[in-house]
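Sequence lines, in order, name chains C, F and G.
Here our numbering is used: the first residue of the first sequence is 9, the next is one more, and so on.
Here our numbering is used: the first residue of the second sequence is 8, the next is one more, and so on.
Here our numbering is used: the first residue of the third sequence is -14, the next is one more, and so on.
A short write-up of the structure that comes next.
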Amino acid sequence: MRKMILVMLLLSIVLLSGCWDRYELQDLAIITAAAIDVVEDEQIRISVQIFIPRAITSGETGEDPSTGSTFVREGVGKSLAQAVADLQTNIPRKLFWGQCRIFIFGKELAEMGIQKEIDFLVRHPSPRGISNLYVSQEEAKRMLELIPPLERYSGEALRKLSQQEIGIDTTLKDVDVKLAGDSQSIALPIIKVLVSPEESRQGNQSIPVIDGTAVFQRDKMVGALNMEETSWLLWLIRTLKNGTISVMPKGNEEEVVMMPISGNVKFNPHISKNTWNMTFSLEVEANVIQNETLLNLHNENTVKQFEKEIEKVLKENLTQTMEKLQQEFHTDILDFGKRFHRKYPDEWKKVKNNWVEKYPEVNVTIHVNAKINKTGDIGPPAAIPRDWVEEQ
Amino acid sequence: MRIRRHPQKKKGKEDTNRVPISTKSQDLLTERLDANVKFFTDLYKDSSDIVFRPFTIGNLKAVVIYLDGLSDIEKLDELVLETLMNKQDISQTDIIQSLIDSIPISNIKKISTYTECIDAVANGNPILLLDGAKEAYALGIVKYEKRSIEEPAAETGIRGPREGFTESISVNTSLIRRIIKDPQLKMKTFHVGKYTKTKVIVSYMEGLVDQTLIKEIENRLNRINIDGVLESGYIEQFIEDNPFSPFPQVLYTERPDVASANLLEGRALIIIDGTPYTLIAPVSFFSLFQSQEDYYERFWIGTFIRFFRFIFLGIALFLPSIYVAITTFHQEMLPMALLLSVASAREGIPFPAIIEVLIMELTFEALREAGIRLPKQIGSAVSIVGALVIGQAAVQAGIVSAPMVIVVSITGISSFLVPRYSIGLSIRLLRFPIIFFAGFLGIIGVILALIILVIHLSSLRSFGVPYLSPVSTLQKNGLKDTIFRSPLWKLDFRPHLTGEFNAVRQSDNLKPSPDKEEG
Amino acid sequence: MMIEKGRISTGQMELLIIPTIISTAILSISSIDARLAGHDMWMTPILGSSAGFLTVYIVWKLHELYPGQTPIGYSQKLIGKVAGSLFGLLLILFFSHNTGIIIREYTGFIKSNVLLQTPSIVISLSLLLVAALAVRGGLEVIARTAVICTFLFLSTSIVLLLLIPEVELGNVLPTFENGFIPVLKGAFIHQSWFSEFFILAFIFPFLNNTKKGLKSGFRAILVVMFILCYVNFFVLTTIGVVAGDLYYPVYAIVKSISLAEFFENFEILITASWVLGNFVKIAMFLYAASLALAELFRINDYRVMVLPLSLFIFFFSYWDISNVVELVNYMGQIQPFYLISVQTVIPLFLLLIALLKKKRSDNN
């Protein structure tokens, strides 16, 4: 009996003394996305998109699409940490970072370097390693103010776009690992506001969309690739599944459009007599999805020819993109450094400290091997009299 | 295996206000009929239901004493009174024996003490007193109103026998005897209760059961010294190993098939007169999750349902506390879309989540309790009020959030999935302290509560059998019939309970296959 | 003098000892490993387990020479009453101190990741008291509880398999970049954990089947080794050597699990199951310390020692180490020497003395 009383006493002490980490959902400001900008005097400004729970209560009346279910608040400070502290003073509820998966950096800040901000995000226990990072063409805060017509908030729209593999997909963990690793370069997607052609929609009723790739040398943004270059860059990283590739066969003014269905990317580093070579080989299989020419695709030779054409187009563009990265930006976002390190650890030790200089000197050879798998459900061009079709 | 013995306390002082018999010699019947009759009339004064019927056989005086309503009066009239009163030729030698021999009743017992007479009358056996005889005769013509054998009310099933135990102990033992015909089935009778003198039978299979277990049960039964036994629960609470535990350490059943299955696994039954519930001991935590249909259906189904039960045991115990822990401590655990929905639902709710859970759980418990106690006609009204008022209106009024109602409903349903009602009660009870732990330390609190629970279960024993066996004692053969239900032809061994036991249940080549040679 | 009356099976012993080693190891060992052994960290547990095999063998031999006795008992017979008692006292202090460190590690982790504002005292005491509750139940209760807890604890390690899409096997390369020394350094850290198998000396006398003890001890070592390799492998192939910068790399990789947009963020669940493992570890050490204390002072019931000892351990956990930086340094620099010398080297000397004595008595 005495034991029971003791246990009860202990229990009540424990239970009555309070719950230190308890926060009711009503006391949390759920952050859905955050944007970091640099403002006057090199001050850091953080803007967060906060979800308004009342906006979707009960669901009977529905949401008012013009106001959206989020709002934006900001804090300014000398560092990101101070800015966050300032932000909290403007919000009556406790900031909840646990589900914030989107961090957008303003272009200006990206060009100045993002290492200090990354440090804050990695050190803080709440933001996740799998959060996506972006660079915004304009003020990053602007991206949060948009009200997407389809999604609940612009962050969600952005995240879904990222999953579609149209742009490069970089997480906080990637940035940390890569900047600390051998290559010391990262690439982040660039986003911009989609200009909506619909007149009925107001200015801020739009979504952020991906508009190229920002390439960083160390933590500073040194340049950008546009959408087309981005798609070639993606070819170098993994096979692009959603993209198309079009070729113009010899003697034709029209194009045949193909869609890659599977592919294999391989880097092969090789050092011989002080020259560092990197062989990139790409194997790709594609389906024809549109034929603008008059060629009959039943013909084996035509298909063979197409395959050659694809290889040519890919090789040209990939070489160009590669050169741009290597010669113009000097950024090793394709992890050449890491690949050399793994294969040639001893040689790597020598160049490790001046890899930035060594990197542009690496010879890159590109091999492409393309195959056409299917020409669609028909062979010759559709809706054309049989006589017009060119057999060869 | 050790059996922790109950401390043998000194018996309380003998009660004095019972039968006015203090010595053994005083207890013996006398040869004089009028003295004997006087004793009984004094004893049963102010008892209107006792009947004294004096009559004569030739010139021999005799009296029949019985309790109205407990004995078969028709038989008494036809078989006893008529036979005896019509006796003419009373031979002088051994007159009494010849009289008794002439009564056409199979069960006549010679008794020589007042105490035995009282017991016989109380049990419905009329006693026949003859002048000049030192003994009385208990006539076995008991008859009282009893319920017929019906389908068990609390342990229903789709497949399986539809017979259930009744309140009459002789019916119950006969139901078991009808299943197990082997003479190794033993039944030992005890009487418990100072005033009720309830008949308690300990039944077991000799050769399958560990004899120390039977000894221990007998010891514990003999220790009981109470006024009366009204239900099996009285016995249960006096023979438990750990009376403070919220977990049942003795199982009860009202199905003869379940009782027999347990006998065949080497357990003992404690059958109690006056209740359809028979106790089974020893049990383990996992046997509380077995139902008879696990074995009647094919093993895939049995295994699946077992698995299901354990999952829902977890839900019934922990779901409300996990909900509290997640929504107030670890919000990041919820996927974004779910988090936003829950946040929207909880917006404007005036209570903290832990209070909300407690309100809802208590309301649910109240509804459930009200549903059991109320007459059926009003019961439906209660459920309407519960469903409409608590469910719909509270959510619409913004007092309770909709996710909370869902959580409480799932928890409620889950707790019904446990086949044994007694463990369901424990789960209901334990849910509340776990909620407090969750409100205190979040998921860490829930885990600490889980550890405490496991420690408690680990230290618990039922008649010497570790409560968490065979899982936590890692007995390979036992594991086949706990979380899984192996095919019957694989269950070659009986579960190991205590001490020596007869392990082999069946031959090991029973797997059915059509092309196997017989023999 | 037999203070413990319960008997456990070898299977229960294995399930007791596995979390006793790995529950703190998986927390931060990958970080130290990544710093010391770099790309070769996946193989360090294999080398490190050597200390485990050695320790278990020593303890087993001693157990065979002095069946039914704990180190407290046979040390007094081997090196004399005074020296033996001093050794016993050292062991008790060592167990208490080590348990204090374990609790410190546990509290530090929970406080920095799960319950940021809850006072450390509450976090430490709650688990310590729960462990004390189990120890008061005796060895059988600890073992039976451990079966369930270890099962739940280990089953969550399957979660790491969800990381397979993120695995980059190339991170393992280049092997032996800086020669063999870094691997040895990493293995040395592991040895300190493997030397904790010494605690089996307090379990071997209470096995119900004493013959299988050695085999079962070795099996436990293999399981521990496998799990540590498994964890190190996933740390290495998902975040690489950056793991060295993190205090809790395993937690970091679990945090980045994301499957189908729904199976994510369950690091809390992993933490919760890890608490189960930690509970077994603390209960095990607390049990050994209480048993040793009771035996040393010839007290018939070690249960009365549990609560005072818990309090003592609790003070140890605050007195010694002030923050996580110090803790990691301690684990990387002091602990290996400290643990191995107490748990492997001293028992080795005891065994040598015992063998010499046996030889002498055989000759006579």
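Even glycine gets a Cβ: it sits at the ideal position worked out from N, Cα and C.
- Contact between the region 377 to 394 of chain F and the region 287 to 302 of chain F is absent: fewer than three C-beta pairs spanning the two stretches fall below 8 Å.
- Annotated three-state conformation of residue 57 of chain C is strand, per DSSP.
- Identification of residues in the region 338 to 349 of chain F having a C-beta nearer than 7 Å to some C-beta of chain C yields 338, 339, 343, 346, 347, 349, given in sequence order.
- Under the three-state reduction of DSSP, residue 284 of chain C is assigned to strand.
- For residue 266 of chain C, DSSP records a beta bridge to C/253, C/296.
- Nearest in C-alpha terms to residue 36 of chain F, of all of F/132, F/113, F/144, F/62, is F/144.
- For residue 138 of chain C, no Cβ of chain F is located within less than 8 Å of the residue's own Cβ.
- If you look at residue 195 of chain F, you'll find it in the beta strand (DSSP E) that goes 192 to 199.
- Here DSSP, grouped into helix, strand and coil, assigns residue 246 of chain G to coil.
- Using a CB distance cut-off of 8 Å, residue 490 of chain F does not count as an interface residue toward chain G.
- Residue 188 of chain C reaches chain G at 227, 230, counting residues in chain order whose Cβ is nearer than 8 Å.
- Residue-level contact by beta carbon fails for residue 127 of chain C and chain G, as no gap is shorter than 8 Å.
- Counting along the chain, the unbroken beta strand (DSSP E) around residue 63 of chain F starts and ends at 57 to 64.
- Collapsing the DSSP output to three states places residue 398 of chain C in a strand.
- A Cβ-Cβ contact shorter than 8 Å links residue 141 of chain F with residue 119 of chain F.
- Under the Cβ criterion of 8 Å, residue 335 of chain F is not counted among the residues facing chain G.
- As DSSP reads the structure, residue 126 of chain C sits in no beta bridge.
- For residue 50 of chain F, the uninterrupted alpha helix (DSSP H) run begins and ends at 40 to 50, by DSSP.
- For residue 226 of chain C, no beta strand (DSSP E) segment is defined, and its DSSP state is neither H nor E.
- Assigned with DSSP and collapsed to three states, residue 51 of chain C falls in strand.
- Among the CB atoms of chain G, none fall inside 8 Å of the CB of residue 321 of chain F.
- Residue contact with chain G for residue 462 of chain F: present (Cβ-Cβ distance below 8 Å to some residue of chain G).
- Within the model, the alpha-carbon separation for residue 463 of chain F versus residue 267 of chain G is close to 18 Å.
- Rounded to the nearest whole angstrom, the CA to CA distance from residue 204 of chain G to residue 272 of chain F is 34 Å.
- For residue -3 of chain G, at least one C-beta of chain F is nearer than 8 Å to its own C-beta.
- Any Cβ of chain F closer than 8 Å to the Cβ of residue 134 of chain G would place that residue at the interface, and such an atom is present.
- A Cβ-Cβ contact shorter than 8 Å links residue 233 of chain G with residue 12 of chain G.
- Annotation: the continuous beta strand (DSSP E) that includes residue 193 of chain C extends over 193 to 201.
- Linking residue 332 of chain F to residue 104 of chain C through their CA atoms gives a straight-line distance of about 16 Å.
- Here the alpha carbons of residue 287 of chain G and residue 280 of chain G stand approximately 8 Å from one another.
- Looking from the CA of residue 192 of chain G, the closest CA among G/-7, G/-11, G/-12 belongs to G/-7.
- In the structure shown, residue 236 of chain G falls within a helical segment according to DSSP collapsed to helix, strand and coil.
- Counting only runs of 4+ residues, the alpha helix (DSSP H) found wholly inside the region 322 to 361 of chain F occupies 343 to 353, in chain order.
- Put simply, the region 345 to 362 of chain C touches the region 141 to 161 of chain G. At least three CB pairs are less than 8 Å apart.
- Of the other Cβ atoms in all chains shown, 16 or more fall within 10 Å of the Cβ of residue 28 of chain G; this residue is therefore buried.
- Classified as buried, residue 259 of chain G has 16 or more neighbouring CB atoms from the shown chains inside 10 Å of its CB.
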